[in-house]
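Each residue of the sequence shown is one higher than the one before, starting from 93 at the first, in our numbering.
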Amino acid sequence: MLDAKGIKEVVIVGAMSHMCIDATSRAAADLGYNTVIVHDACATTNLEFKGTTVPANQVHAAFMAGLAFAYGKVTTTNEYLS
């Protein structure tokens, strides 16, 4: 549907940074779309792995760093709107 409408850029916002935001951003980039992730318009939660709790701000930062490395431009709401 996006291709049929000539869409070239996908802007990603929402929840959860470690699930939907990550998967959608990677898929969009893999499909050739210019991908922009508005990091302060995304959210996540604390995660737990084998007794270790990872705070939400660290989960979010880690996923944004990974996406910025190879899958899209990670920006703020103000930067995107200007």
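C-beta: ideal position from N, C-alpha, C; glycine also.
Since the model is a prediction, treat every value here as computed from it, not as a measurement.
For His110, there is no enclosing beta strand (DSSP E), as DSSP marks it with neither H nor E. Annotation for Asp114: Phe155 place their beta carbon closer than 6 angstroms to its own, counting only its chain and skipping 5 residues before and after. The C-alpha of Gly124 is placed about 14 angstroms away from the C-alpha of Lys165. Per DSSP, the beta-bridge partners of Glu140 are Thr145. The three-state secondary structure of Thr169, taken from DSSP, is helix. Between Ser117 and Val151 a beta carbon distance of about 15 angstroms is seen, past the 8 angstroms cut, so the two are scored as non-contacting. Residue pairing of Ile129 in beta bridges, as defined by DSSP: Ile104 and Val166.
Under DSSP, Ala135 forms a beta bridge with Ala107. Of the residues assessed, Ala107 falls on the exposed side of the cut-off, its CB having fewer than 16 other CB atoms within 10 angstroms.
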